[in-house]
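Protein chains in written order, with the numbering used here: chain A, 7 to 62; chain U, 19 to 222. Note that the Cβ used here is the ideal one computed from N, Cα and C, for glycine as well.
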């Protein structure tokens, strides 16, 4: 499972970790990573799709 | 696994797993989970991922990080040069400056103290014997016994004026005149060299 996380892009990994492990909102994640809230949401859903594909 | 098309519900699943949703939102998500196998599978995946990350990742106070990030973004950005100028001066700089100042003042005071000691004139010393001198006073010349000046005569006759030649004897004007004439007589008469005769016309 952590190997799948390691295959994400750095931005996807950061957003996904903050969202899943810490339960942060998209707004707070956007402040941390320096992006917009919509971009953080896109990064999270792309990361989730990649991990699902890698785990199946 | 086919993704659920209800993105508003999927966006709430991480908060649902962490238990940070409000009561109304939580009830809405649970109602959706009851009929959506894909979202139940995603919730299970999120729980296992969260547990795995909590085991592997170092403990980070994320709330503190977010607060710091918000504070940093609220501060207006300044030029790097100005930020550098505002840096406090390190403490060692002040210590070095104080040491240099102390050495300069001490050396200057020592030098000027040797060159120009405390000005204490003999008069001041005589007036106040408790004054301590930085160095011994130079030896004054032997005191000359005070002699009461003789009353100078108001009029000195011209005849009393004479010549003295170091022998303690004084010559009267007549004697001096005789001596001068004797010297003129005894001295050889030196004729001036005759002028050369120049024969201009060649007669001689």
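query: Are the C-beta of residue 42 (chain U) and some C-beta of chain D separated by less than 8 Å?
result: Considering every chain present, this structure includes no chain D. Its protein chains are A and U.
message: Any beta carbon from chain A within less than 8 Å of residue 26 (chain U)'s own beta carbon?
response: no
- request: Note down the Cα distance separating residue 79 (chain U) from residue 50 (chain U), rounded to an integer number of angstroms.
  value: 32 Å
- request: Pull up the DSSP beta-bridge partners for residue 9 (chain A), would you.
  value: Answer is none; residue 9 (chain A) lacks a bridge partner.
message: Taking 8 Å as the threshold (C-beta atoms), are residue 26 (chain A) and residue 64 (chain U) in contact?
response: yes
- request: Just the chain U side, please: which residues come within less than 7 Å of residue 27 (chain A) by C-beta, in chain order?
  value: 68, 71, 72, 75
field: Short-range partners of chain U found in the segment 9-33 of chain A, where Cβ spacing is below 8 Å
entry: 11, 23, 24, 25, 26, 27, 28, 29, 30, 31, 32
message: Just verifying my parser: in three-state terms, what is the DSSP assignment at residue 179 (chain U)?
response: Note that residue 179 (chain U) has pLDDT 49, beneath the 50 cutoff, so the model's placement of it is unreliable and the number below is only indicative. Note: residue 179 (chain U) maps to coil in three-state DSSP.
message: Tell me the DSSP secondary structure of residue 64 (chain U) in three-state form.
response: helix
- request: Establish whether the CB of residue 37 (chain A) and some CB of chain U are separated by less than 8 Å.
  value: yes
- request: Kindly indicate which three-state DSSP category residue 36 (chain U) falls into: helix, strand or coil?
  value: helix
field: Host alpha helix (DSSP H) of residue 87 (chain U) (start-end)
entry: 80-92
- prompt: From A:39, A:14, A:17, A:16, pick the residue whose C-alpha is nearest to that of residue 83 (chain U); which is it?
  reply: A:39
message: Give me the residue from A:60, A:56, A:51 with the minimum Cα distance to residue 29 (chain U).
response: A:51
message: Could you check whether the segment 15-30 of chain A touches the segment 54-68 of chain U, counting it as contact only if at least three pairs of C-beta atoms, one from each stretch, sit closer than 8 Å?
response: yes
query: Using a Cβ-Cβ distance under 8 Å, would residue 29 (chain U) count as near chain A?
result: yes
field: Nearest-angstrom Cα separation, counted from residue 40 (chain U) out to residue 59 (chain A)
entry: 31 Å
query: Who are the neighbours of residue 33 (chain U) on chain A, taking C-beta pairs under 7 Å?
result: 29
field: Collapsed DSSP secondary structure at residue 26 (chain U) in the structure displayed
entry: helix
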